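Have a look at the structure below before the remarks.
Numbering (the working numbering), first residue to last: 3 to 470.
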């Protein structure tokens, strides 16, 4: 038996019994049928109902609301979209700035809804600290990143450099080389958000059917084991679970991210560490680390997980000792005083990764299919943007949301880039990840010769290029 609980900390902390709503047992005719009661499905239903209260909307969920990534993530509500730099690169400067402002406004939009609907999910907009830590190359990487942002038209109020001394005013890590602060990020309790959204859309008249896996779907209809739903619009809002709804698995692969949570830490320990305003933080390595101080004073910390052959979902999130200890090693390198802290929860989740790391919001009026996904680990915020965008697309509203470069207004699924067949995906992914691990191990050793450090980084950078 594990020394830690294997359920997501967030779902474990809910003060409600996790009992499934009744399943779908009778045929339905609706205006909009949404597959999946996670963030994307719930936000889409919410904004559709706000704009068109008369719509008949049903959500069909395989498990319970929030079972997937929405109840398992690290709680970063980001005003960003994966690959936004590449997506916006060709826009005129004024239009690019407007798109960035739209993205940066995501946490504030969510805050408005939380206040309007009375959803308490420990929302704190403390910004994010991207830390250069553990080895000096991280400073070089982060400074280059900041230069790139400024060339795109972003300014100091969006992202600004912190010296080691300035960084220490917000977070005190063992080997600080500096960092970047950005204000456009909030931290939340993910399960409280998704469960609160589910109750909200139910109050608005949306029917949610749980324990009802979709066995077949097509334009105009979907089927579960017991019933059929006929609908003018089908919205497959499944993100990391796209492989369960062919052919979506061709366009969106499930990869895993794995997290741990410590026991609540003392006030004295947090005085040593900082993070007093709910800031999110990471260290700038290709391990893709992320963390936050929870409202009950735990450290939640996660890092890149893996990919299973043929894009199989990972169902067993009873993390191995090595998976847990890697995350302990990474956070204790930042905070040595936590090296022996008790870990109470260790869990993970499947998230959706689209080819070329391009998120998409798609509306095909000819087939009546609308979907949003490919968030690549940034879905807490991106799903809100996706829900708003799909609502405007379905209702044919000509708004700023539908004119963004990540929106695909026609062409259907064929407009998406498909992943390569196996074994190419699996071999490529593992080769890339091994180069990242080798780079991190090489750079984390201060005794490594300079030429070896440069070589490891060049190889990892070259391999990373294949992901785009």
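We put the CB at the ideal spot given by N, CA and C, even for glycine. Bear in mind that the values here come from a model prediction, so they are computed numbers and not experimental data.
Simplified DSSP state of residue i, which is helix, strand or coil
i, result
"residue 12", "helix"
"residue 63", "coil"
"residue 256", "strand"
"residue 287", "coil"
"residue 123", "coil"
"residue 244", "helix"
"residue 319", "coil"
"residue 132", "strand"
"residue 413", "coil"
"residue 309", "coil"
"residue 137", "coil"
"residue 20", "coil"
"residue 295", "strand"
"residue 449", "coil"
"residue 460", "helix"
"residue 270", "helix"
"residue 261", "strand"
"residue 467", "helix"
"residue 26", "coil"
"residue 282", "strand"
Alpha-carbon to alpha-carbon, residue j and residue i
i, j, result
"residue 472", "residue 245", "For residue 472 there is no data in the structure shown, the boundaries of the chain being 3 and 470."
"residue 396", "residue 372", "8 Å"
"residue 423", "residue 468", "15 Å"
"residue 176", "residue 253", "41 Å"
"residue 375", "residue 385", "8 Å"
"residue 426", "residue 313", "12 Å"
"residue 202", "residue 24", "17 Å"
"residue 16", "residue 70", "16 Å"
"residue 42", "residue 247", "16 Å"
"residue 91", "residue 31", "43 Å"
"residue 154", "residue 107", "18 Å"
"residue 157", "residue 303", "29 Å"
"residue 463", "residue 229", "50 Å"
"residue 367", "residue 389", "17 Å"
"residue 169", "residue 185", "14 Å"
"residue 317", "residue 94", "44 Å"
"residue 383", "residue 79", "5 Å"
"residue 272", "residue 126", "17 Å"
"residue 325", "residue 26", "38 Å"
"residue 274", "residue 256", "38 Å"
"residue 115", "residue 150", "33 Å"
"residue 179", "residue 282", "18 Å"
"residue 187", "residue 5", "33 Å"
"residue 210", "residue 196", "13 Å"
"residue 261", "residue 417", "34 Å"
"residue 279", "residue 189", "10 Å"
"residue 457", "residue 138", "15 Å"
"residue 450", "residue 338", "22 Å"
"residue 357", "residue 288", "19 Å"
"residue 35", "residue 167", "53 Å"
Residues of its chain near residue i, where Cβ-Cβ distance is below 7 Å and the 5 sequence neighbours each way are ignored
i, result
"residue 285", "133, 135, 136, 140, 291, 336"
"residue 53", "393, 397"
"residue 370", "221, 222, 234, 235, 236"
"residue 320", "4, 8"
"residue 391", "363, 374, 403, 404, 409"
"residue 174", "274, 275, 276"
"residue 359", "84, 85, 378, 469, 470"
"residue 111", "386"
Residues near residue i in its chain [Cβ-Cβ closer than 6 Å; skip 5 each side]
i, result
"residue 343", "264"
"residue 121", "198"
"residue 295", "277"
"residue 212", "22, 23, 63, 66"
"residue 58", "32, 33"
Cutoff 8 Å; reference residue i; Cβ partners in own chain excluding five residues on either side
i, result
"residue 182", "131, 132, 144, 147, 148, 161, 162, 163, 164"
"residue 191", "12, 15, 77, 123, 124, 296, 297"
"residue 328", "305"
"residue 18", "197"
"residue 311", "424, 425, 428"
"residue 68", "13, 39, 40, 192, 193, 196, 197, 200"
Supposed contact pair residue j and residue i - C-beta distance, whole angstroms, cut 8 Å
i, j, result
"residue 225", "residue 216", "7 Å"
"residue 415", "residue 249", "7 Å"
*4-residue-minimum alpha helix (DSSP H) runs that sit fully inside the segment 140 to 178, ordered along the chain*: 166 to 170
*asked:* As an exercise, report each continuous alpha helix (DSSP H) stretch of at least 4 residues that is fully enclosed by the segment 30 to 108, in chain order.
replied: 41 to 53, 86 to 90, 95 to 106
*Quick one: complete beta strand (DSSP E) runs, 3+ long, within the segment 177 to 241?*
180 to 184, 187 to 189, 209 to 211, 218 to 220, 223 to 225, 230 to 238
*Would you list, in sequence order, the uninterrupted beta strand (DSSP E) runs of no fewer than 3 residues that lie entirely inside the segment 328 to 379?*
345 to 356, 362 to 366, 371 to 375
*Entirely enclosed beta strand (DSSP E) segments - the segment 380 to 446, minimum 3 residues*: none
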